[in-house]
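Residue numbers (full-length UniProt numbering): 1 to 639.
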């Protein structure tokens with residue numbers, strides 16, 4: 001770890017590197033050609049059970065201790081070692097072939113000669129790599145460009161963090177604006193990246209373009225990264241490689257391959273020691289009965305050899321053969337097709353599991369969210385009363401006072417907001433505070449370009465990193481406020497009357513597991529009003545929203561019904577307030593040291609006395625057969 005240092009990576013110029021970087025080779029093997037045989041033998045004979053039979057066989061080379069033909073001792077031991085070596089060799093060959101397949105995958109690299117093909121193992125720090133849709137990211141990269149019209153892409157990260165949700169990633173704004181990908185080689189720019197570490201959820205770096213007027217500086221965070229072992233789920237992306245080989249986040253989070261030994265083997269090893277102790281005692285007793293006559297010390301060894309079959313070597317043969325049969329049966333089991341036995345030395349351990357650790361979302365549940373409840377404090381709407389919400393939203397956009405600025409609205413509405421306006425505010429907030437992107441696909445009637453131009457409902461699908469967010473946006477569509485367009489800087493909503501509302505996205509504060517909330521600052525193009533919307537878990541939002549006497553109680557009630565609860569709030573900002581915030585926020589994001597703390601401090605300066613709009617309740621259905629599965633596990637003694 002001491003060798004890892006921060007680095008400056010020039011785009012498309014690997015030769016400008018400041019230090020030597022490891023080759024981009026994945027190696028998950030336990031041994032190499034020279035260490036295989038010594039390593040396997042060492043792992044066998046470091047346990048007393050195997051060492052006992054080795055010493056027993058070696059003793060037959062001593063004339064005074066020989067009890068029979070050499071082969072009666074060496075053939076069983078040789079058979080055991082042969083089976084073990086062959087099993088380890090097969091697993092190593094399989095591992096080698098898997099690594100070779102990954103290292104041999106071909107990618108496109110941008111160069112001064114155009115696009116050239118390169119193997120994954122030939123990729124270097126500083127290379128500009130093109131990754132197609134459904135292709136594995138070959139190295140840790142900074143996201144520079146995408147072919148998607150909305151200027152973003154989604155990643156599947158299940159092979160990195162186990163999460164099935166797609167993750168939204170954003171390119172560097174400066175490079176996304178370039179006319180073509182080839183222009184990346186024409187600009188003089190570099191990425192400053194922190195030293196390699198194991199944290200896959202955070203990244204600190206900066207992007208600098210020196211030939212701009214003035215020079216461009218952009219902060220880089222986890223949103224701008226494409227980690228190795230993830231898969232591009234949408235569009236074609238271009239990235240600059242910043243880490244390779246053993247410095248990859250995925251590799252640093254993987255422990256070194258080791259020889260695994262099951263609990264059963266350790267127990268047999270312990271029993272062998274006890275039986276050997278008993279052998280020594282019996283041998284001493286037999287010599288004592290002869291009054292230690294003659295060369296009694298040789299007699300002790302001869303008695304040890306005579307009684308040695310108390311620990312049968314056939315036990316070891318049977319154990320190894322049994323494990324091989326177990327592994328074969330698991331692999332061929334029709335109820336679990338596609339199962340791969342990675343370690344054939346410990347299949348019997350599956351029968352000794354006593355604790356099962358599981359997450360809930362996507363494992364015990366289907367990860368398909370359905371909107372169930374909207375709560376405004378004084379009134380709640382369930383599935384049977386969504387038509388009331390729809391009528392409130394419709395009336396909000398058909399009343400003539402809707403288009404008036406707040407300062408010119410009738411005075412009566414200022415005193416106390418009507419239920420209709422409160423519902424409208426809540427639905428509008430839910431339709432805006434998210435990271436969902438509508439994508440239009442061609443069908444048999446309409447092509448993609450026409451669908452995008454006319455916001456065709458039948459061609460639209462929503463892409464997001466969380467099914468929670470998709471369910472919320474689908475719900476706002478069902479009640480009349482539809483998300484029809486989005487890119488990195490703007491969002492379009494369609495009202496029940498067909499009018500398009502345009503919003504400029506000024507800032508987005510994505511959801512993190514630490515903050516448990518997400519926020520967005522938008523400007524309404526029709527009125528110029530700037531609003532900060534935020535949604536998050538009740539435990540963090542309770543201290544952010546203005547005091548009220550119903551939030552905690554209603555959150556508890558909805559949670560007891562099995563609903564996932566989100567608290568939605570808003571805060572209006574003046575132009576001066578926003579400009580002051582933006583200056584401090586940009587400065588904090590460009591900081592290389594303690595960036596996350598500085599950014600959080602600036603954002604928290606906005607997160608005070610926010611107006612509580614509503615609670616949303618989303619249901620995630622259980623997977624089929626969860627109940628009987630848990631009962632069977634409990635009956636099997638698994639906690």
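Glycine is no exception: its CB is placed at the ideal position from the N, C-alpha and C atoms. Keep in mind it's a predicted model, so treat the numbers as computed, not measured.
According to DSSP, simplified to helix, strand and coil, what is residue 73? helix
When the Cα atoms are used, what is the spatial distance from residue 544 to residue 470? 25 angstroms
Residues of its chain near residue 348, where Cβ-Cβ distance is below 7 angstroms and the 5 sequence neighbours each way are ignored: 262, 264, 323, 326
Tell whether a beta-carbon distance below 8 angstroms holds between residue 179 and residue 146. no
DSSP bridge partner residues for residue 610 (one or two, in chain order): 545
Around the C-beta of residue 607, are 16 or more other C-beta atoms found within 10 angstroms, so that it is buried, or is it exposed? buried
Note down, in chain order, each residue of its chain lying with its Cβ closer than 6 angstroms to the Cβ of residue 30, except the 5 sequence neighbours on either side. 257
Just to confirm, are residue 220 and residue 169 a CB contact at a threshold of 8 angstroms? no
Flag this pair as yes or no: are the beta carbons of residue 230 and residue 139 separated by less than 8 angstroms? no
Opposing strand residues paired with residue 620 [DSSP bridges]: 369
Please confirm whether residue 236 and residue 132 have their CB atoms less than 8 angstroms apart. yes
Would you mind sorting residue 480 into buried or exposed? The rule is 16 or more other CB atoms within 10 Å of its CB. buried
Hey, out of 626, 43, 586, whose CA is closest to residue 361's CA? 626
From residue 120 to residue 209, what distance separates their C-alpha atoms? 28 angstroms
State whether the region 277 to 285 contacts the region 21 to 38, with contact taken as three or more CB pairs (one from each stretch) at a distance under 8 angstroms. no
By how many angstroms is the C-alpha of residue 516 removed from the C-alpha of residue 536? 6 angstroms
Indicate the three-state DSSP secondary structure (helix, strand or coil) for residue 228 in the structure shown. coil
Could you tell me the alpha carbon to alpha carbon distance between residue 135 and residue 189, rounded to whole angstroms? 27 angstroms
If the criterion is Cβ atoms closer than 8 angstroms, does the pair residue 14 and residue 125 meet it? yes
Taking DSSP's pairing of strands, which residues face residue 509 in a bridge? 519
Of the listed residues 75, 267, 12, 271, nearest to residue 238 (C-alpha basis): 12
Short of 6 angstroms in beta carbon distance, which residues of its chain neighbour residue 584, apart from the five on each side in sequence? Order them along the chain. 602
Does DSSP put residue 601 in a helix, a strand or coil? helix
Which complete beta strand (DSSP E) runs does the region 228 to 312 hold, if anything under 3 residues is left out? 237 to 243
Can you name, in chain order, every residue of its own chain whose Cβ lies under 8 angstroms from the Cβ of residue 194, other than the five neighbours on each side? 6, 203, 204, 205, 592
Identity of the residue in 460, 87, 334 nearest residue 346 by Cα: 87
In three-state terms, what does DSSP make of residue 643? No answer is possible for residue 643: it lies beyond the span of the chain, which begins at 1 and ends at 639.
Helix, strand or coil at residue 155 [DSSP, three-state]: strand
At the level of alpha carbons, what is the spacing between residue 61 and residue 280? 21 angstroms
In angstroms with no decimal places, state the Cα-to-Cα distance between residue 485 and residue 563. 29 angstroms
Less than 8 angstroms between the beta carbons of residue 174 and residue 218, yes or no? yes
Just to confirm the assignment, what range does the alpha helix (DSSP H) spanning residue 36 have? 36 to 45
Keeping to the same chain, check which residues put their C-beta closer than 7 angstroms to that of residue 48; ignore five residues upstream and five downstream. 269, 272, 273
Excluding sequence positions up to five away, which residues of its chain have a Cβ less than 6 angstroms from the Cβ of residue 313? 53, 76
For chain B, find out if any of its Cβ atoms is closer than 8 angstroms to the Cβ of residue 595; answer yes or no. Protein chain content of the structure displayed is limited to a single chain, and chain B is not contained in it.
Residue interval of the alpha helix (DSSP H) (run including residue 591): Residue 591 -> no alpha helix (DSSP H), and no H or E assigned at all.
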